[in-house]
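To start, the structure under review is shown below, and the notes come after it.
4 protein chains.
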Amino acid sequence: MRTPGSRSDTTWPIIREASISLIYEHGFESMNTRQLAELVQMKPGSLYYYFSSKEELLNRLVTEVLDEIVDDLELKLADVDTGLGGLDTFISGLVEWHVNRHKETYIALMDTRSLSEEKLARYMESRDRYDQLLDEILERCRREGSIGDIPVRITRLSILTMITGITSWFKPAGEANLDDLRDFYVTAVRRFVGAVPVGTRS
Amino acid sequence: MRTPGSRSDTTWPIIREASISLIYEHGFESMNTRQLAELVQMKPGSLYYYFSSKEELLNRLVTEVLDEIVDDLELKLADVDTGLGGLDTFISGLVEWHVNRHKETYIALMDTRSLSEEKLARYMESRDRYDQLLDEILERCRREGSIGDIPVRITRLSILTMITGITSWFKPAGEANLDDLRDFYVTAVRRFVGAVPVGTRS
Amino acid sequence: MRTPGSRSDTTWPIIREASISLIYEHGFESMNTRQLAELVQMKPGSLYYYFSSKEELLNRLVTEVLDEIVDDLELKLADVDTGLGGLDTFISGLVEWHVNRHKETYIALMDTRSLSEEKLARYMESRDRYDQLLDEILERCRREGSIGDIPVRITRLSILTMITGITSWFKPAGEANLDDLRDFYVTAVRRFVGAVPVGTRS
Amino acid sequence: MRTPGSRSDTTWPIIREASISLIYEHGFESMNTRQLAELVQMKPGSLYYYFSSKEELLNRLVTEVLDEIVDDLELKLADVDTGLGGLDTFISGLVEWHVNRHKETYIALMDTRSLSEEKLARYMESRDRYDQLLDEILERCRREGSIGDIPVRITRLSILTMITGITSWFKPAGEANLDDLRDFYVTAVRRFVGAVPVGTRS
DNA sequence: GATGAATGAGCATTCATTCAT
DNA sequence: AATGAATGAATGCTCATTCAT
Numbered sequence: 708m709r710t711p712g713s714r715s716d717t718t719w720p721i722i723r724e725a726s727i728s729l730i731y732e733h734g735f736e737s738m739n740t741r742q743l744a745e746l747v748q749m750k751p752g753s754l755y756y757y758f759s760s761k762e763e764l765l766n767r768l769v770t771e772v773l774d775e776i777v778d779d780l781e782l783k784l785a786d787v788d789t790g791l792g793g794l795d796t797f798i799s800g801l802v803e804w805h806v807n808r809h810k811e812t813y814i815a816l817m818d819t820r821s822l823s824e825e826k827l828a829r830y831m832e833s834r835d836r837y838d839q840l841l842d843e844i845l846e847r848c849r850r851e852g853s854i855g856d857i858p859v860r861i862t863r864l865s866i867l868t869m870i871t872g873i874t875s876w877f878k879p880a881g882e883a884n885l886d887d888l889r890d891f892y893v894t895a896v897r898r899f900v901g902a903v904p905v906g907t908r909s
Numbered sequence: 708m709r710t711p712g713s714r715s716d717t718t719w720p721i722i723r724e725a726s727i728s729l730i731y732e733h734g735f736e737s738m739n740t741r742q743l744a745e746l747v748q749m750k751p752g753s754l755y756y757y758f759s760s761k762e763e764l765l766n767r768l769v770t771e772v773l774d775e776i777v778d779d780l781e782l783k784l785a786d787v788d789t790g791l792g793g794l795d796t797f798i799s800g801l802v803e804w805h806v807n808r809h810k811e812t813y814i815a816l817m818d819t820r821s822l823s824e825e826k827l828a829r830y831m832e833s834r835d836r837y838d839q840l841l842d843e844i845l846e847r848c849r850r851e852g853s854i855g856d857i858p859v860r861i862t863r864l865s866i867l868t869m870i871t872g873i874t875s876w877f878k879p880a881g882e883a884n885l886d887d888l889r890d891f892y893v894t895a896v897r898r899f900v901g902a903v904p905v906g907t908r909s
Numbered sequence: 708m709r710t711p712g713s714r715s716d717t718t719w720p721i722i723r724e725a726s727i728s729l730i731y732e733h734g735f736e737s738m739n740t741r742q743l744a745e746l747v748q749m750k751p752g753s754l755y756y757y758f759s760s761k762e763e764l765l766n767r768l769v770t771e772v773l774d775e776i777v778d779d780l781e782l783k784l785a786d787v788d789t790g791l792g793g794l795d796t797f798i799s800g801l802v803e804w805h806v807n808r809h810k811e812t813y814i815a816l817m818d819t820r821s822l823s824e825e826k827l828a829r830y831m832e833s834r835d836r837y838d839q840l841l842d843e844i845l846e847r848c849r850r851e852g853s854i855g856d857i858p859v860r861i862t863r864l865s866i867l868t869m870i871t872g873i874t875s876w877f878k879p880a881g882e883a884n885l886d887d888l889r890d891f892y893v894t895a896v897r898r899f900v901g902a903v904p905v906g907t908r909s
Numbered sequence: 708m709r710t711p712g713s714r715s716d717t718t719w720p721i722i723r724e725a726s727i728s729l730i731y732e733h734g735f736e737s738m739n740t741r742q743l744a745e746l747v748q749m750k751p752g753s754l755y756y757y758f759s760s761k762e763e764l765l766n767r768l769v770t771e772v773l774d775e776i777v778d779d780l781e782l783k784l785a786d787v788d789t790g791l792g793g794l795d796t797f798i799s800g801l802v803e804w805h806v807n808r809h810k811e812t813y814i815a816l817m818d819t820r821s822l823s824e825e826k827l828a829r830y831m832e833s834r835d836r837y838d839q840l841l842d843e844i845l846e847r848c849r850r851e852g853s854i855g856d857i858p859v860r861i862t863r864l865s866i867l868t869m870i871t872g873i874t875s876w877f878k879p880a881g882e883a884n885l886d887d888l889r890d891f892y893v894t895a896v897r898r899f900v901g902a903v904p905v906g907t908r909s
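Here it is as structure tokens:
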């Protein structure tokens, strides 16, 4: 009964894309495995060769992006030598990810609730890494005197909420393009944290 | 079979509170009418005396707060005579609502997806009113020269995302209290839009 | 809480008519007490002052017509002195009832299934009376030599099925009027039983 | 979780027979899917592998017989060359179907009401075909002068009501056997329509 | 790898009926 | 005589998942 030409490494990416679209569109709880099976032209039962449960599928989807994001941000930040430069890099990178992969990041924002306690906890650990990244950047900026005297925690929460929230209104077909968005948020966040304008520091 | 002492005007508020808590905690799709019934000490079927479907319950919950918020903001804005004053009032009011009624506003943020197309459309119409409110304020500020030359649409989206997103991390037991939050966001948003510092306008 | 001017002997006929219409239109199992209550402008619970259960309502409806029919037929047959005259009278009367009270007779035809075993048994006893009436008429005709040599049981069943079945296609607004129907069936049944044409008997 | 040895082409006929018996006995509205599941030794949900809704099951049951009947009658009528011959063939065939498949035909008679408007309409279209068949036969008989001057519509309705109504009293265990019934109705209908006795036509 | 057939547990909802007021 | 509020038992149906083939 094996479909000729089927191979695991071809099939999984197809399932992956299909589930992302489906979850993005309907939400994880409302989407069902029949829809997914139909979309990838399989029978529901066959999907279980590619994931062990619906929840595990969700988990894989969201942890994969998250890890990619954090790794990429860390990589980009390695080359930066000032706090403010780090802030720009971080914001710029985060915006990029949330635009280029807006479906997955939207799912991570909205459907992470459906994860079991353990899986959610593990997910949150990863997320903490990127909270910390921003915290550290902000702390460094303050030490360097390049931003105002702002409360770090709530500032970080607000920035993150704002950037990750891009996915909730961003439409790829819309007028805003990636470069505009990146520029806008870099500038906006600088203002937000009371960054000393470039060339103003004494 | 009537439970002695039961009264409609006592029961609905109980059901209302219970559903808000339940949806807040589990999400609308994951919460079920049996849990709700148990929480309010009724049989599942009896709930249908108070709403005609689970979805209609959700609808009621989210449209009610939304309308209350918009009405309140409009009222508060009526007394304000400068654009920047309006901005402060709007932000301050919105933060207040999202803190004081954070469960319902969280539900509105997350579970509105579960509404049918028609109900969602009607909900969005109401939401548009408050988008417009902020748009108008921002436009006015620009005309009055009290803020920088910023792109209105994306600024509005970002501010709203940030404030409504408070509910996604806010814990009433947490360290942040309403006054701090209100002050923080009023100031932050002022910076965000490049507001001319008070007393600086020439 | 008593509605001013309400009286049992005014209300019952209203409920009666409303239930007949409702059951006629939707069938007994598909019709529900909410619909009935709405139609008579009451609350569902209030109906139980007029009948003790939905099934008892049905029972009352169908047994009442049935008894009226049998009584009327017996009365009409009392004056008749020949078998064939009896046959004409019976058919004519039965057609009349099924046209004039076609809703109730239709209900009796279709919804009698929903009666409990005991109630159905009692209903069937009454129905037997009118089977017997026709049996006796047919037997008498045969003794008098006014009809052919036909099998009584199946003839009776067929005639009754045909006449009671009028209700299943009869529409009051339709072209067929009572007189035509009566004439048609009297003649048709005569032919059906091989009645010796009037004036042909030697 | 698959029951060993289960096969679709074995299971559907079993479900089919079981539902026919159940609906025949209790009526469509009173029968429920749990009873059916128990009878075929499945879990209720599994039935939905074989039909998409309870109503669709009913629909399938009644349209299938109906189509079989009409097809068969048309086939049988193809060989007939006189109107009266057609009438005999039609009646004989119809009686046969209502005796041999009396459960399904009874269901079609009684439970067709439970079909949705669209499904009922489609059912009625098929039914019309067989009304027309009889109408044409009767018209032809009249043109050929082999029956009396009778009103076609009501005659057709009465004959059909009578024959289809067989199912409402017929018990397979009863004394009447198929051949008797067929003979009886062929003769009775001939009389009913005032057929000129064979060899009497001048 | 993939399918066909089934499970089992749950779910929203309906509805006749009851009874304190 | 009528209502408002509730019950309880059922009902059709969905869906993630399993597993023999």
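So the sequences go chain by chain: L, H, W and S.
Position 59, counted from 1, in the first sequence is what the numbering used here calls 766; the numbers after and before it change by one each time, with no gaps.
Position 153, counted from 1, in the second sequence is what the numbering used here calls 860; the numbers after and before it change by one each time, with no gaps.
Position 93, counted from 1, in the third sequence is what the numbering used here calls 800; the numbers after and before it change by one each time, with no gaps.
Position 125, counted from 1, in the fourth sequence is what the numbering used here calls 832; the numbers after and before it change by one each time, with no gaps.
In this text, a Cβ means the ideal position worked out from N, Cα and C, and glycines have one as well.
Next on the checklist: Please state the DSSP three-state secondary structure of W/I857.
Outcome noted: coil
Checklist entry - Which residues bound the alpha helix (DSSP H) around S/F891? => result 885-899
Checklist entry - Can you find a CB in chain W that lies within less than 9 Å of the CB of S/R714? => result no
Checklist entry - Are the region 836-847 of chain H and the region 836-853 of chain L touching, with three or more C-beta to C-beta distances below 8 Å? => result No, they do not touch.
Next on the checklist: If you measure between the beta carbons of H/L864 and H/V802, is that distance less than 9 Å?
Outcome noted: no
Checklist entry - When we look at the beta-carbon of H/S823 and count the other beta-carbons within 10 Å, is it buried (16 or more) or exposed? => result exposed
Checklist entry - Is S/G800 closer than 9 Å to S/L780 when the C-beta atoms are compared? => result yes
Next on the checklist: Just to confirm before moving on: does the CB-CB distance between L/L791 and L/C848 stay below 9 Å?
Outcome noted: yes
Checklist entry - Is the Cβ-Cβ distance between S/I870 and S/V900 less than 9 Å? => result Against a cut-off of 9 Å, the Cβ pair of S/V900 and S/I870 comes out as no contact.
Checklist entry - Straight-line CA distance for S/M817 to S/S728? => result 14 Å
Checklist entry - What span of residues does the alpha helix (DSSP H) with H/D786 cover, start to end? => result Segment: none, H/D786 is in no alpha helix (DSSP H) and carries neither H nor E.
Item to check | With 16 other Cβ atoms within 10 Å as the buried cut-off, status of L/K761 | outcome: buried
Checklist entry - Of all the alpha helix (DSSP H) runs that stay within the bounds of the region 749-815 of chain H, which reach a length of 4 or more residues? => result Runs of the alpha helix (DSSP H) spanning 4 or more residues and lying entirely within the region 749-815 of chain H occur at 761-785, 790-807, in chain order.
Next on the checklist: Given a cut-off of 9 Å on the beta-carbon distance, is the pair W/I873 and W/V806 in contact?
Outcome noted: yes
Checklist entry - What span of residues does the alpha helix (DSSP H) with W/A744 cover, start to end? => result 740-746
Next on the checklist: Could you check whether the Cβ of W/S753 sits closer than 9 Å to any Cβ belonging to chain S?
Outcome noted: At least 9 Å separates the CB of W/S753 from every CB of chain S.
Checklist entry - Are there 16 or more other CB atoms within 10 angstroms of the CB of W/Y756, so buried, or fewer, so exposed? => result exposed
Checklist entry - Is it right to say L/M749 is buried, meaning 16 or more other beta carbons lie within 10 angstroms of its own, or is it exposed? => result L/M749 is buried by the Cβ-count criterion.
Item to check | Assigned exposure category for S/L782 - 16 Cβ within 10 Å defines buried | outcome: exposed
Next on the checklist: Whole angstroms are fine: how far does the CA of S/A725 sit from the CA of W/D788?
Outcome noted: So the two alpha carbons sit approximately 52 Å from each other.
Checklist entry - Between which two residues does the alpha helix (DSSP H) containing S/P720 stretch? => result 715-733
Next on the checklist: Going by C-alpha to C-alpha distance, which of L/A895, L/I854, L/K826 sits closest to L/N688?
Outcome noted: Given that chain L is displayed from residue 708 to residue 909, the structure contains no residue 688 of chain L and the question cannot be resolved.
Checklist entry - How many angstroms separate the CA atom of H/E846 from the CA atom of H/R836? => result Straight through space, the alpha carbons of H/R836 and H/E846 are spaced by roughly 15 Å.
Next on the checklist: Suppose you measure from the CA of S/F891 to the CA of W/I730; what does that come to, to the nearest Å?
Outcome noted: 35 Å
Checklist entry - Whose C-beta lies closer than 8 Å to the C-beta of H/G734 among residues of the same chain, with five residues either side of it excluded? => result M817, D818
Next on the checklist: Contact defined as beta carbons within less than 8 Å: I believe H/S821 pairs with H/T770. What is the distance between those atoms, to the nearest angstrom?
Outcome noted: Not a contact, Cβ separation roughly 14 Å.
Item to check | Buried versus exposed, by CB contacts within 10 Å (16 or more), W/T868 | outcome: buried
Item to check | Burial state of L/W804 (16 or more Cβ within 10 Å) | outcome: buried
Next on the checklist: Starting from L/E678, trace the alpha helix (DSSP H) in both directions and tell me its first and last residue.
Outcome noted: Shown here, chain L extends from 708 to 909; a query on residue 678 of chain L therefore has no answer.
Next on the checklist: Short of 7 Å Cβ to Cβ, which residues in the region 866-894 of chain L face chain H?
Outcome noted: Within the region 866-894 of chain L, contact with chain H at the beta-carbon level (separation under 7 Å) is assigned to T868, M869, G872, S875, W876, A883, F891.
Item to check | Backbone CA spacing between H/A880 and L/I866 [nearest angstrom] | outcome: Counting only the Cα atoms, L/I866 lies some 22 Å from H/A880.
Item to check | Proximity to L/A902 [Cα-Cα], best of L/S853, L/D786, L/N739 | outcome: L/S853
Item to check | Assigned exposure category for H/A828 - 16 Cβ within 10 Å defines buried | outcome: exposed
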